[in-house]
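Q:
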Amino acid sequence: MRYFPSLIFLIKPLMKKAAGSALITFVFIFLHSHVLFGQTRSEAQAIMNDIKTEEEIGYASEYLPGWTIQMEKLTPNDQNWVDHESQLISGTPYIITEDGETYMYKLIAEDSIKQFRVSYIFLDGSVHRYRKIDGIRTKVMKQYAKGVSFASLASRYSMDVSGSVNGGDLGWFNEKTMVPEFEKSIANHNKGEIFTVDSVLRRWYFVVLKTYEDRKVLQKTLAKIKIN
Numbered sequence: 409m410r411y412f413p414s415l416i417f418l419i420k421p422l423m424k425k426a427a428g429s430a431l432i433t434f435v436f437i438f439l440h441s442h443v444l445f446g447q448t449r450s451e452a453q454a455i456m457n458d459i460k461t462e463e464e465i466g467y468a469s470e471y472l473p474g475w476t477i478q479m480e481k482l483t484p485n486d487q488n489w490v491d492h493e494s495q496l497i498s499g500t501p502y503i504i505t506e507d508g509e510t511y512m513y514k515l516i517a518e519d520s521i522k523q524f525r526v527s528y529i530f531l532d533g534s535v536h537r538y539r540k541i542d543g544i545r546t547k548v549m550k551q552y553a554k555g556v557s558f559a560s561l562a563s564r565y566s567m568d569v570s571g572s573v574n575g576g577d578l579g580w581f582n583e584k585t586m587v588p589e590f591e592k593s594i595a596n597h598n599k600g601e602i603f604t605v606d607s608v609l610r611r612w613y614f615v616v617l618k619t620y621e622d623r624k625v626l627q628k629t630l631a632k633i634k635i636n
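409 is the number of the first residue of the sequence shown in the numbering used here; add one for each residue after it.
1. For residue 558, is the beta carbon positioned less than 7 angstroms from some heavy atom of the ligand ZN?
2. Give a yes or no on whether the C-beta atoms belonging to residue 524 and residue 614 are separated by under 8 angstroms.
3. Can you give me the C-alpha to C-alpha distance between residue 608 and residue 538, rounded to a whole angstrom?
4. Kindly indicate which residue of 507, 542, 592, 617 has the alpha-carbon position closest to the one of residue 611.
5. Just curious, the beta strand (DSSP E) that residue 629 is in, first and last residue?
6. How many Å lie between residue 565 and residue 572 at the Cα?
7. Does DSSP put residue 495 in a helix, a strand or coil?
8. Helix, strand or coil: which one does DSSP assign to residue 447?
9. Determine the DSSP secondary structure at residue 556, reduced to helix, strand or coil.
10. How close, in whole Å, do the beta carbons of residue 577 and residue 530 come, if the pair is a contact with beta carbons under 8 angstroms?
11. Tell me whether the beta-carbon of residue 617 lies closer than 8 angstroms to the beta-carbon of residue 602.
12. In or out: residue 493 buried (at least 16 other Cβ within 10 Å) or exposed?
Take a look at the structure:
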C-alpha cells in the first residue's frame, strides 16, 4: 500500500467526529502500519511536505505513534541556532545530525518575541516563614544599596543551585516562560532597578535585579522528524 501522508490532515476531522481517540489511532496504524517500522528520508520528506502549521505537527505526532515527530522553537541565544541558520529556507526540509542521530527539519513559522534578562535571589517559603524571608530581602537590598555586588549576595542568600552558582544570572529567557507574577514584575521595571516578587501560592519569593533592557528577537518554529 502506498503511503499518503496528507490523509493525516484530511481524515482527522472526520474520524474525530465518528470515533474515540483509541479507534482513530488503531485505524490509522492499520492503514499505514508499514511506515511505523522505518522512517526513511523519502517517507519523512513526504510527511514534511504536508506539515505547514504548528497544529499539523501535532496531528502527525498523534497519528504516527511509531515516529519521533516534534516541534522545536529556536532563538539566536539557543546553542544550536548557528547549525540551523545557514539552512533555514521556508518550506524546504533539511538534514542535521545531532549526537549521532539524524533528523529532518522544516521551517514552519517565524515570529518576533520579547526576551528578558535578570539576576535573582530565590527564597523558599516552604523552608522559612514569611517574616524571615522579608527580613532577608530587606537586608539584601540594603547591602546592594551600599555597593555589595548582586552576584555575591546571590551566592550567599539564594536557595536554589542555579541562582547561587551563577551569581543569580538567569540568562535571556522568552516571554511567557516564567510564572506570571515573576514575568509581569520584570516587564514593569527598567534596567538597573532592584525589586521583590512574591509568588504566594507557590511560596516562592525573590529579589530581582533587572540587568538588561528587554529585547525583541526572531523565533523560528520548526517541525522535526527523526529518520533512520
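C-beta atoms are modelled at their ideal positions from N, C-alpha and C, and glycine is treated no differently.
A: Inspection of the coordinates gives the following:
1. Ligands are entirely absent from the displayed structure, and the ligand ZN is therefore not among its contents.
2. Within the sequence shown, the letter at position 116 stands for residue 524. Within the sequence shown, the letter at position 206 stands for residue 614. No, they are not a contact pair.
3. Counted from its first residue, the sequence shown places residue 608 at position 200. Counted from its first residue, the sequence shown places residue 538 at position 130. The straight-line gap from Cα to Cα measures roughly 10 angstroms.
4. By one-based count along the sequence shown, residue 611 stands at place 203. Closest option to residue 611, Cα to Cα, is 542.
5. Mapped onto the sequence shown, residue 629 falls at position 221. Unbroken beta strand (DSSP E) run through residue 629: 623-635.
6. Taking the sequence shown and counting its residues from 1, one reaches residue 565 at position 157. Taking the sequence shown and counting its residues from 1, one reaches residue 572 at position 164. Taking the CA atoms as reference points, residue 565 sits about 7 angstroms from residue 572.
7. To locate residue 495, count along the sequence shown from 1; it is residue 87. In the three-state DSSP reduction, residue 495 falls in the coil class, being neither helix nor strand.
8. Here residue 447 corresponds to residue number 39 of the sequence shown, with the count starting at 1. The answer is coil: DSSP assigns residue 447 none of H, G, I, E or B.
9. Mapped onto the sequence shown, residue 556 falls at position 148. Coil.
10. As a first step, residue 577 is located in the sequence shown; it is residue number 169 there, counting from the start. As a first step, residue 530 is located in the sequence shown; it is residue number 122 there, counting from the start. About 13 angstroms separates the two Cβ atoms, so there is no contact after all.
11. For the purposes of this step, residue 617 is taken as the residue at position 209 of the sequence shown. For the purposes of this step, residue 602 is taken as the residue at position 194 of the sequence shown. Going by C-beta atoms, residue 617 is nearer than 8 angstroms to residue 602.
12. Against the sequence shown, residue 493 aligns to sequence position 85. Exposed, because fewer than 16 other Cβ atoms sit within 10 Å of the Cβ of residue 493.
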